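Peer 1: The structure under discussion is supplied below as structure tokens; questions concerning it will follow.
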Amino acid sequence: MTDSREKMLSALRQAQAAGRRECAEAASGYQPDPHPEQAGSAETLDRFRLMLEKVGGEAVILAGDAEVAAHLGALLQSAATSTVLLPPDPELERLEVARLIREAGAAALNPQGATVDVAAQADMGITTAQAGIADTGTVALWHTAERGRWAALLPPCHVILLRRDRVYPDKLSWLEAMRREGVDLGAVPLTWVTGPSLTADIEKVLVRGAHGPRRVVALVY
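In the working numbering, each residue's number is its place in the sequence shown (first place is 1) plus 347.
What follows is the structure, given as structure tokens:
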């Protein structure tokens with residue numbers, strides 16, 4: 348038993364040492380990309396759109412507030428929406444999203460003033476996003492006491508309004524940008540969203556929307 352134990356421990360030590368050597372060699376040979384993608388660049392936006400579509404989401408690249416209003420209005424009409432969860436948000440107010448909801452014949456509901464049973468009956472939730480991550484099609488949502496998670500998680504359709512200058516090539520690029528701005532990410536509740544909710548049952552059959560939105564639409568402007 349002792350010999351077997353020593354052989355196993357020796358194999359683990361050798362594997363650990365080999366892993367360290369590989370990491371050191373990779374680090375010593377690392378060269379930064381001389382032409383890295385930039386946040387908000389055409390290449391970054393296109394990659395974000397492609398990756399979000401790969402995981403079952405939708406992304407539309409728009410050119411300014413007017414196109415946001417037109418596309419969001421059409422989306423509200425086509426979805427036959429009756430109730431929209433709309434959390435307090437200065438950017439949503441600037442874009443007059445509540446007015447667009449009313450013009451579509453729907454009601455805007457502040458999720459913080461509703462019970463979970465009432466909020467769960469909403470057809471759509473509209474939020475902004477702090478960041479988009481192009482290499483995975485992920486969005487980062489910040490939450491505050493006034494801006495919780497319900498609008499992003501309860502309705503069957505989640506519409507995300509995302510500024511193009513907040514779409515980063517990868518997560519490290521965003522984290523570095525936050526570090527430069529002095530943002531303490533540990534102090535802010537954060538939700539990562541990568542496409543619609545997908546759940547696999549015991550037979551490995553994927554079910555969309557069982558534990559969250561079955562449709563996720565990002566409007567990038």
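The C-beta atom is built at its ideal place from N, Cα and C for all residues, glycine as well.
Keep in mind that this is a model prediction, so the values were computed, not measured.
By the DSSP assignment, the alpha helix (DSSP H) with V506 in it spans what residues?
Peer 2: Numbered from its first residue, the sequence shown carries residue 506 at position 159. Unbroken run through V506 is the beta strand (DSSP E), 504-509; no alpha helix (DSSP H).
Peer 1: Taking only three categories from DSSP, how would you classify I549?
Peer 2: Here the question's residue 549 lines up with position 202 in the sequence shown. DSSP places I549 in coil when its eight states are reduced to three.
Peer 1: So, using beta-carbon positions, are P536 and P560 closer together than 8 Å?
Peer 2: Counting from one through the sequence shown, the residue named residue 536 turns up at place 189. Counting from one through the sequence shown, the residue named residue 560 turns up at place 213. No, they are not a contact pair.
Peer 1: What are the uninterrupted segments assigned as beta strand (DSSP E) that are 3 or more residues long and contained completely in the segment 398-485, given in chain order?
Peer 2: Counting only runs of 3 or more, we get 405-408, 430-432, 454-456, 471-475, 478-480.
Peer 1: Would you identify the three-state DSSP class for L501, choosing helix, strand or coil?
Peer 2: Working through the sequence shown from its first residue, we reach residue 501 at position 154. Correct three-state label for L501: coil.
Peer 1: What three-state label does DSSP hand T391 in the structure shown?
Peer 2: Here the question's residue 391 lines up with position 44 in the sequence shown. Reduced to three states, the DSSP call for T391 is helix.
Peer 1: What is the residue span of the alpha helix (DSSP H) that R562 lies within?
Peer 2: Your numbering for residue 562 matches position 215 in the sequence shown. Run containing R562: none in the alpha helix (DSSP H); it sits in the beta strand (DSSP E), 562-567.
Peer 1: Take P435 and list the residues in its own chain whose beta-carbon comes closer than 6 Å to its own, dropping the five residues that flank it on each side.
Peer 2: For this step, residue 435 is matched to residue 88 along the sequence shown. Taken in chain order, the residues that qualify are E493.
Peer 1: Distance check for R527 and L565, CA to CA, integer angstroms please.
Peer 2: The residue given as residue 565 occupies position 218 in the sequence shown. The residue given as residue 527 occupies position 180 in the sequence shown. Looking at the sequence itself, residue 565 is Ala, so the reference to Leu does not match. Computed Cα separation, rounded: 26 Å.
Peer 1: Does the contact criterion of 3 or more C-beta pairs under 8 Å hold for the segment 396-412 versus the segment 515-530?
Peer 2: Short answer: they don't touch.
Peer 1: For the alpha helix (DSSP H) containing L522, name the first residue and the last one.
Peer 2: Residue mapping note: residue 522 aligns to position 175 of the sequence shown, counting from 1. Its alpha helix (DSSP H) spans residues 518-527.
Peer 1: Could you check what DSSP says for R496 in three-state terms: helix, strand or coil?
Peer 2: Numbered from 1 along the sequence shown, position 149 holds the residue referred to as residue 496. Coil at R496, not helix or strand.
Peer 1: Got a sec? Which residues, its chain only, sit under 6 Å from V486 by beta carbon, not counting five neighbours each side?
Peer 2: By 1-based counting over the sequence shown, the position of residue 486 is 139. These residues qualify, in order along the chain: A476, G479, I507, V540.
Peer 1: If we call anything under 8 Å between Cβ atoms a contact, is A445 one with S429?
Peer 2: One-based indexing of the sequence shown puts residue 445 at position 98. One-based indexing of the sequence shown puts residue 429 at position 82. No.
Peer 1: In this structure, how does DSSP classify A487 when only helix, strand and coil are distinguished?
Peer 2: Counting from 1 along the sequence shown, the entry for residue 487 is found at position 140. Residue state, collapsed to three classes: strand.
Peer 1: Should R441 be labelled buried (16 or more other beta-carbon atoms within 10 Å of its own) or exposed?
Peer 2: Against the sequence shown, residue 441 aligns to sequence position 94. So R441 counts as exposed.
Peer 1: Considering only heavy atoms of the ligand MN, does any lie closer than 7 Å to the CB of V535?
Peer 2: Among the components modelled here there is no ligand, and therefore nothing to report on the ligand MN.
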